[in-house]
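Protein chains in written order, with the numbering used here: chain V, 29 to 140; chain C, 28 to 143.
So this is what it looks like as structure tokens:
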């Protein structure tokens, strides 16, 4: 069966450290994978997209990797800040023109 | 750019009534809009895909007669929850896809529905 998993439901880290979130999938062949941030009571906000032929993508303090062999994406936030505290969702496409399927999310808390 | 709005942001209604939620793309045309439902501390569950000018495509298990979707223009889709029950209480989020792009979706801020 098809499945998307994110490594943990909740993750606490100290301010200034690097947060690493994991997204694993089974029985999908996505052409790309996306990461979103969602704050409580708000809609998701797009952060980064990485395509299957890309190994790594960066945007400011964010870095995403995509390993289609391992069927895994890693999402890193360097020099984390309390303002980074939110739920982070990975999403992958189900095929051309189709919608995304979302992972369950990881609730990140950056402690001052 | 690429802003999506939803209205209302919160709504409380009595059981048996119908509620309409609007999703608008403010500064772009969206040939496709999506409706999601999210329970507390859970991920987004796709309910239906709405294409302008045609009938919506519903995901398995979603009652199309209960969740009526209309996508009358390139900037507006509506979700009507008919004969609402307390179990319909949830956070409803729409997203819109830029015309011509398949991999870019912009999400609305969500609508919190509470059915008493």
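Note that the Cβ used here is the ideal one computed from N, Cα and C, for glycine as well.
All figures in this text were calculated on a predicted structure; none of them were measured in a lab.
Minimum C-alpha distance to residue i - residue among the options
i                    : options                    : result
residue 33 (chain V) : V:133, V:139 and V:138     : V:133
residue 55 (chain C) : C:73, C:102 and C:134      : C:102
residue 78 (chain C) : C:71, C:72, C:91 and C:100 : C:100
Residue i in three-state terms, based on DSSP
i                     : result
residue 40 (chain V)  : strand
residue 143 (chain C) : coil
residue 84 (chain V)  : strand
residue 89 (chain V)  : coil
residue 55 (chain V)  : coil
residue 30 (chain V)  : coil
Within chain V, partners of residue i - CB distance below 9 angstroms
i                    : result
residue 73 (chain C) : 127, 128, 129 and 130
Closer than 7 angstroms to chain A by CB, residue i
i                     : result
residue 135 (chain C) : Absence of chain A from the displayed structure is noted, the protein chains being V and C.
Neighbouring residues, chain C, relative to residue i (Cβ below 7 angstroms)
i                     : result
residue 70 (chain V)  : 136 and 137
residue 49 (chain V)  : Per Cβ cutoff of 7 angstroms: no residues; residue 49 (chain V) is ~14 angstroms from chain C at best.
residue 133 (chain V) : 70
Closer than 9 angstroms at the beta carbon, the chain C residues around residue i
i                     : result
residue 117 (chain V) : 70 and 71
Interface partners of residue i on chain V, CB under 8 angstroms
i                     : result
residue 120 (chain C) : 71 and 72
residue 61 (chain C)  : 127
Residue i: contacting residues in chain V (beta-carbon distance under 7 angstroms)
i                    : result
residue 76 (chain C) : 127
> What runs of the beta strand (DSSP E), each 3 residues or longer, lie entirely inside the stretch 57-124 of chain C?
Replying inline: 57-65, 71-78, 94-100 and 103-108
>> Which runs of the beta strand (DSSP E) at least 3 residues long sit entirely within the stretch 95-139 of chain V? Give them in chain order.
In response: 100-105, 114-121, 128-130 and 134-139
>> I want to know whether the stretch 64-71 of chain C touches the stretch 41-49 of chain C - three or more CB-CB distances under 8 angstroms.
In response: no
>> Taking contact to mean 3 or more Cβ pairs, one atom from each stretch, closer than 8 angstroms, check whether the stretch 101-109 of chain V and the stretch 78-91 of chain V are in contact.
In response: yes
>> Could you check whether the stretch 34-54 of chain V touches the stretch 64-80 of chain V, counting it as contact only if at least three pairs of C-beta atoms, one from each stretch, sit closer than 8 angstroms?
In response: no
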